[in-house]
Amino acid sequence: MEQTAKQTSQSRYPQPFVKWAGGKSQLLSQMSNFLPHHFDLYFEPFVGGGAVFFHLRPKRAVISDANFDLINAYRVIRDDLDTLRSELDELQEKRISRRLYELHRKKNPDKLSKVQRAARFIFLNKTCYNGLYRVNRKGDFNVPFGKYSRMPKLYEGANLIEIKRLLGSTEIEYASYETALGRASKGDFVYLDPPYSPDPKSQGFTSYTKESFSEVDQTRLAARFKDSNRRGCLLMLSNSDTRRVRFLYADFTIERMKAGRMINCIGSARTGYNELLILNYRPPVESLNPWVKGNR
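If you're matching positions, the sequence shown starts at -4 in my numbering and goes up one per residue.
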């Protein structure tokens, strides 16, 4: 069943329920110019905060990520939202402090229920330093406390309800991007937003999972991109505007966007720079905004 890419209404929700480094909320107005007009199944293998997924609101989708806590949170929102809200409400009433933060950070997530694990994940995301998600080689969340003077709002009820509704027709997978790409067929639309290739201007990082994401992984991803292209998938990929990335995807359409890092270890580094969209299809030039037309 064919879908139309531009299904988003003027409604505020759904939107990302967690902060996520490299999230695309600030770029949606530019990215929407490049979306394919029609597609079958939607895939997002590095779903992260899900800004593009929530913007599209596809009727049928497969979202996935290699971060288990993130995927667990999506599943719990879909399958047990009321219990999750109760857990978050209890945390919301507490007085925020470094001690409370460390108490939850040091909990072993493997010993928690699925709902408790999701609540912990959301709480840490909202109260850690700069909303950064980072783990060490053991897989332990190791971001320091954000020094909040009062408990930040942990969730928007109306937003989670809309997310739950959208996820009702969505497959949510804890899987590598390679597994997800292997499922995509001719006519399916795949959006890839991997940890970015290192760019000195962005002060980025790649430790969303304990395995990190190396330049070897970037090369392997480019090879999988080419495989999916040969199968007839519609492909869009975001990455840094570097010579390395331009070389890896030289055979495809490369578009440049003005971007800015909203989450960064160094506050002063949250400034504007350019990043790339890689496409295996050509969007109509007349649909592009003036900045994009002049900076391709």
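We treat Cβ as the ideally placed atom computed from N, Cα and C, and that holds for glycine.
As the structure is a prediction and not an experimental result, all values here were calculated from the model.
Can you give me the C-alpha to C-alpha distance between Asp75 and Val110, rounded to a whole angstrom?
In the sequence shown, counting from the first residue as 1, residue 75 sits at position 80. In the sequence shown, counting from the first residue as 1, residue 110 sits at position 115. Taking the straight line joining both Cα atoms gives about 7 angstroms.
Just list the residues that DSSP pairs Val57 with in beta bridges.
Taking the sequence shown and counting its residues from 1, one reaches residue 57 at position 62. In DSSP, Val57 forms a bridge with Phe38 and Glu166.
Report yes if the CB atom of Phe184 is closer than 7 angstroms to the CB atom of Phe34, and no otherwise.
As a working mapping, residue 184 is identified with position 189 in the sequence shown. As a working mapping, residue 34 is identified with position 39 in the sequence shown. The answer is yes: Cβ separation under 7 angstroms.
Under three-state DSSP, which class holds Gln87?
Position 92 of the sequence shown, counted from the start, is the residue given in the question as residue 87. Here Gln87 sits in helix by DSSP.
Enumerate in chain order the residues of its own chain whose CB-to-CB distance from Ala170 is below 6 angstroms, with the five nearest sequence positions on each side excluded.
Locating residue 170 in the sequence shown gives position 175, counting from the first residue. Excluding residues within five positions, the ones whose Cβ falls inside 6 angstroms are Ser59.
Counting only the same chain and skipping the five closest in sequence on each side, list residues whose C-beta sits under 6 angstroms from that of Tyr69.
What you label residue 69 is simply residue 74 of the sequence shown in a count that begins at 1. For Tyr69, where only same-chain residues beyond five positions count, the Cβ hits under 6 angstroms are Ile167.
Taking the continuous alpha helix (DSSP H) assigned at Phe49, which residues delimit it?
Mapped onto the sequence shown, residue 49 falls at position 54. Residues Ala46 to Leu51.
Leaving aside the five residues before and after Leu176 along the sequence, list all residues of the same chain whose C-beta is less than 7 angstroms from its C-beta, in chain order.
Indexing the sequence shown from 1 puts residue 176 at position 181. For Leu176, where only same-chain residues beyond five positions count, the Cβ hits under 7 angstroms are Pro40, Val185, Arg219 and Ser223.
When DSSP labels each residue in this structure, what does Phe208 get in the three-state scheme?
Your numbering for residue 208 matches position 213 in the sequence shown. Looking at Phe208 - three-state DSSP - the assignment turns out to be coil, as it is neither helix nor strand.
Starting from the Cα of Asn28, find the closest Cα among Leu51, Phe63, Glu(-3) and Ala113 and give me that residue.
Your numbering for residue 28 matches position 33 in the sequence shown. Of the candidates Leu51, Phe63, Glu(-3) and Ala113, the one whose C-alpha sits nearest the C-alpha of Asn28 is Leu51.
7 angstroms is my cut-off, CB to CB: does Asp222 come that close to chain C?
Absent here is chain C; the protein component of the structure consists of one chain.
Could you spell out where the alpha helix (DSSP H) holding Tyr186 opens and where it closes?
Translated into the one-based positions of the sequence shown, residue 186 becomes position 191. Tyr186 -> not in any alpha helix (DSSP H); beta strand (DSSP E) instead, spanning Phe184 to Leu187.
Keeping to the same chain, check which residues put their C-beta closer than 6 angstroms to that of Thr78; ignore five residues upstream and five downstream.
Taking the sequence shown and counting its residues from 1, the one referred to as residue 78 is at position 83. Excluding positions up to five away in sequence, the list reads Val110.
With the cut-off set at 7 angstroms, would you say Pro269 and Arg241 are in Cβ contact?
Residue 269 sits at position 274 when you count from the first residue of the sequence shown. Residue 241 sits at position 246 when you count from the first residue of the sequence shown. According to the sequence shown, residue 269 is Asn rather than Pro. Cβ distance not < 7 angstroms, so Asn269 and Arg241 don't count as in contact.
Please report the straight-line C-alpha distance between Lys54 and Leu119, rounded to a whole angstrom.
For the purposes of this step, residue 54 is identified with residue 59 of the sequence shown, where counting begins at 1. For the purposes of this step, residue 119 is identified with residue 124 of the sequence shown, where counting begins at 1. In a straight line, the C-alpha of Lys54 is about 31 angstroms away from that of Leu119.
Nearest by alpha-carbon distance to Leu274: which of Asn234, Lys253 and Arg239 is it?
As a position in the sequence shown, residue 274 is number 279, starting the count at 1. Measuring from the Cα of Leu274, the nearest candidate turns out to be Asn234.
Leaving out five residues before and five after Thr214 in sequence, what residues of the same chain have Cβ atoms less than 8 angstroms from its Cβ?
Locating residue 214 in the sequence shown gives position 219, counting from the first residue. Here Thr214 has Leu243 as same chain residues with Cβ atoms under 8 angstroms from its own Cβ, once five neighbours each way along the sequence are excluded.
Leu232 and Tyr276: beta carbons closer than 7 angstroms?
In the sequence shown, the residue the question calls residue 232 occupies position 237. In the sequence shown, the residue the question calls residue 276 occupies position 281. No, the Cβ-Cβ distance between Leu232 and Tyr276 is not below 7 angstroms.
Given this structure, state the Cα-to-Cα distance separating Met(-4) from Glu97, to the nearest angstrom.
Here the question's residue -4 lines up with position 1 in the sequence shown. Here the question's residue 97 lines up with position 102 in the sequence shown. Their Cα atoms are separated by approximately 48 angstroms.
Check Leu272 in the structure and name its three-state DSSP category.
In the sequence shown, counting from the first residue as 1, residue 272 sits at position 277. Correct three-state label for Leu272: strand.
Measure the C-alpha to C-alpha separation of Lys316 and Asn154 and round it to an integer number of angstroms.
Because the chain is modelled from -4 through 291, residue 316 falls outside the range shown and cannot be assessed.
Provide the residue span of the alpha helix (DSSP H) that contains Ser24, from first to last.
Here residue 24 refers to the residue found at position 29 when the sequence shown is read from its first residue. Its alpha helix (DSSP H) spans residues Leu23 to Met26.
Does the distance from the C-beta atom of Tyr150 to that of Leu83 stay below 7 angstroms?
For the purposes of this step, residue 150 is identified with residue 155 of the sequence shown, where counting begins at 1. For the purposes of this step, residue 83 is identified with residue 88 of the sequence shown, where counting begins at 1. Yes. Within cutoff.
In three-state DSSP terms, what is Glu250?
The residue you call residue 250 lines up with position 255 of the sequence shown. Correct three-state label for Glu250: strand.
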